[in-house]
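Q: Listed in order, the protein sequences are those of chains D and C.
Per the numbering used here, the first sequence starts with residue 167, numbered consecutively.
Per the numbering used here, the second sequence starts with residue 466, numbered consecutively.
Ideal Cβ positions, reconstructed from N, Cα and C, are used throughout, including at glycine.
Below: one structure in structure tokens.
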Amino acid sequence: MKYIPHIELPQNIKKGDIIEIKTLIPHEMRPAVSGKSKKEEGTPARFIEAFTAEFNRKQVFSAKLSPEISANPYISFFMKVTEPGTFVFTWKENNGQIIQNSEQKLKLE
Amino acid sequence: MLSEAKKLQSRRTFISRLSILLSLPLAQPLLSTYAMAKEEPWETKLKQIMKDNKPIEGKVSIELPDVASHGNLVPIKISVVSSMTEEDYVETITLLSNQNASPVLAEFNFSPLSGKAECSTTLRLMENQEVIALAKTNGGKFYLGRRQAYISISKNL
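Following this line, the structure appears as structure tokens:
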């Protein structure tokens with residue numbers, strides 16, 4: 167399954183601003199479910215376990231998540247703007263699959 | 466007849482007093498071991514992170530809805546008072562719950578680039594519980610914040 171993340175950056179950014187970056191990724195964040203009987207096998211957990219945000223190859227923010235986070239995990243955080251550049255957002259599933267977005271660019275006014 | 470009853474009573478009082486006498490010194494070590502075994506998972510986790518340090522309260526604020534309408538999607542915002550400079554910034558915020566067997570809900574790592582020690586997300590909280598946020602600065606200081614979460618509809622999906 168392909169997960170397409172949504173990222174929102176504010177408009178009209180100037181140098182020295184502290185901006186809020188909002189991210190959301192469609193994902194079920196499934197906790198482990200045990201089987202109804204002994205014979206029946208349960209389903210293992212499948213969730214986003216880690217999120218990192220890098221700007222010009224420097225880590226700004228990262229998070230470790232658990233299935234206690236709602237489905238379609240929304241994370242927002244802040245960054246101090248010092249220069250224009252490119253963001254790399256990475257989500258990692260607990261089975262090792264990596265979802266990456268490096269399309270977001272920051273332009274200054 | 467009367468003396469028989471008196472005898473019985475005196476024996477009873479004697480036994481009850483004896484039991485009280487015996488139980489007092491014996492009960493204390495037993496109770497303390499019971500209390501140690503009763504330590505909640507989140508308290509163990511807090512101790513594990515903080516080691517011997519004492520947390521400072523009042524610098525971490527947790528924003529939650531007064532009563533969340535559904536436990537599946539509870540927005541939460543955590544912020545810490547910090548200048549967020551290279552010399553002094555919040556490194557990590559650990560979010561814990563006092564209800565879960567695995568108490569860590571999430572962990573957020575900041576850097577001096579963050580500018581603000583604040584982040585938000587959405588939680589699954591299926592019953593009323595206390596949410597605890599522990600912030601650690603790069604200088605090794607700990608800040609603790611806690612907030613009770615109230616959920617109006619629980620478990621029935």
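1) What does the Cβ neighbour count give for Glu688/C, buried or exposed, with the cut at 16 atoms within 10 Å?
2) According to DSSP, simplified to helix, strand and coil, what is Pro540/C?
3) Decide if Glu234/D is buried, meaning its Cβ has at least 16 other Cβ atoms within 10 Å, or exposed.
4) Quick check: the Cα distance between Val596/C and Asn222/D, rounded to an integer number of angstroms?
5) If the criterion is Cβ atoms closer than 7 Å, does the pair Thr252/D and Lys271/D meet it?
6) According to DSSP, simplified to helix, strand and coil, what is Leu511/C?
7) Helix or strand or just coil, what does DSSP make of Leu578/C?
8) Starting from Asn593/C, follow its DSSP beta bridges and name the residues at the other end.
9) Compare the C-beta of Ala198/D against all C-beta atoms of chain A and say whether one is closer than 7 Å.
10) Mind checking if Ser203/D is an interface residue toward chain C, Cβ cutoff 7 Å exclusive?
11) Span of the beta strand (DSSP E) holding His535/C?
12) Phe244/D to Ser200/D, Cα distance in whole Å?
13) If the criterion is Cβ atoms closer than 7 Å, does the pair Asp183/D and Val247/D meet it?
14) Quick check: the region 607-615 of chain C against the region 570-578 of chain C, are there 3 or more CB pairs under 8 Å?
15) If you pair each beta-carbon of the region 590-604 of chain C with each one of the region 548-566 of chain C, do three or more pairs fall below 8 Å?
16) Are there 16 or more other CB atoms within 10 angstroms of the CB of Gly523/C, so buried, or fewer, so exposed?
17) Using CA coordinates, which residue listed in Arg477/C, Lys542/C, Gly536/C, Ser547/C is at the minimum distance from Met591/C?
18) Starting from Ala198/D, trace the beta strand (DSSP E) both ways and give me its first and last residue.
19) Kindly say whether Glu194/D, judged by its beta-carbon, lies nearer than 7 Å to any beta-carbon of chain C.
20) Using the C-alpha atoms, what's the distance from Glu508/C back to Pro577/C?
21) Pick out whichever of Ile264/D, Ile241/D, Lys230/D, Ser268/D has its Cα sitting closest to the Cα of Val254/D.
22) Show which residues of chain D have a CB atom less than 9 Å away from the CB atom of Thr586/C.
23) According to DSSP, which residues form a beta bridge with Tyr608/C?
24) Applying a beta-carbon distance threshold of less than 8 Å, which residues of chain D neighbour Glu583/C?
25) For Ile264/D, name the three-state secondary structure that DSSP assigns.
A: In short:
1) The first residue shown for chain C is 466 and the last is 622, placing residue 688/C beyond what the model contains.
2) Within the second sequence, numbered from 1, the residue matching residue 540/C stands at position 75. The answer is strand: DSSP assigns Pro540/C an E or B state.
3) To locate residue 234/D, count along the first sequence from 1; it is residue 68. By the neighbour-count rule (16 or more Cβ atoms within 10 Å), Glu234/D is buried.
4) Counted from its first residue, the second sequence places residue 596/C at position 131. Counted from its first residue, the first sequence places residue 222/D at position 56. Those two C-alpha atoms are separated by around 34 Å.
5) Numbered from 1 along the first sequence, position 86 holds the residue referred to as residue 252/D. Numbered from 1 along the first sequence, position 105 holds the residue referred to as residue 271/D. In contact: Thr252/D and Lys271/D (Cβ atoms closer than 7 Å).
6) On the second sequence, position 46 is the one that residue 511/C refers to. In the structure shown, Leu511/C sits in a helix (DSSP, three-state: H, G or I).
7) Numbered from its first residue, the second sequence carries residue 578/C at position 113. Helix, per DSSP.
8) Reading the second sequence from its first residue, position 128 is the one you call residue 593/C. Note: Asn593/C sits in no beta bridge, so no partner.
9) This model lacks chain A altogether, as its protein chains are D and C.
10) Position 37 of the first sequence, counted from the first residue, corresponds to residue 203/D. So no, Ser203/D is outside the interface.
11) Residue mapping note: residue 535/C aligns to position 70 of the second sequence, counting from 1. Per DSSP, His535/C lies in no beta strand (DSSP E) and is assigned neither H nor E.
12) Numbered from 1 along the first sequence, position 78 holds the residue referred to as residue 244/D. Numbered from 1 along the first sequence, position 34 holds the residue referred to as residue 200/D. Cα to Cα, Phe244/D sits roughly 38 Å from Ser200/D.
13) The residue you call residue 183/D lines up with position 17 of the first sequence. The residue you call residue 247/D lines up with position 81 of the first sequence. At the C-beta level, Asp183/D and Val247/D come within 7 Å of one another.
14) no
15) yes
16) Position 58 of the second sequence, counted from the start, is the residue given in the question as residue 523/C. Around the beta carbon of Gly523/C, fewer than 16 other beta carbons lie within 10 angstroms, which makes this residue exposed.
17) Counting from one through the second sequence, the residue named residue 591/C turns up at place 126. Checked all of Arg477/C, Lys542/C, Gly536/C, Ser547/C; the closest Cα to Met591/C is Gly536/C.
18) Within the first sequence, the letter at position 32 stands for residue 198/D. Counting along the chain, Ala198/D falls outside any beta strand (DSSP E), and DSSP gives it neither H nor E.
19) Locating residue 194/D in the first sequence gives position 28, where the first residue counts as 1. It does not: the Cβ of Glu194/D has no partner Cβ on chain C nearer than 7 Å.
20) As a first step, residue 577/C must be located in the second sequence, where it is residue number 112. As a first step, residue 508/C must be located in the second sequence, where it is residue number 43. The straight-line gap separating the alpha-carbon atoms of Pro577/C and Glu508/C is approximately 29 Å.
21) Taking the first sequence and counting its residues from 1, one reaches residue 254/D at position 88. Per the Cα distances, Ser268/D.
22) Taking the first residue of the second sequence as 1, we reach residue 586/C at position 121. Here the neighbours are Ala229, Leu231, Ile235, Ser236, Pro239, Tyr240, Ile241, Ser242.
23) Taking the first residue of the second sequence as position 1, residue 608/C is located at position 143. Answer is Ile521/C, Ala600/C, bridged to Tyr608/C.
24) As a working note, residue 583/C is residue 118 in the second sequence. Within 8 Å Cβ-Cβ: Phe243, Phe244.
25) The residue labelled residue 264/D in the question sits at position 98 within the first sequence. Residue state, collapsed to three classes: strand.
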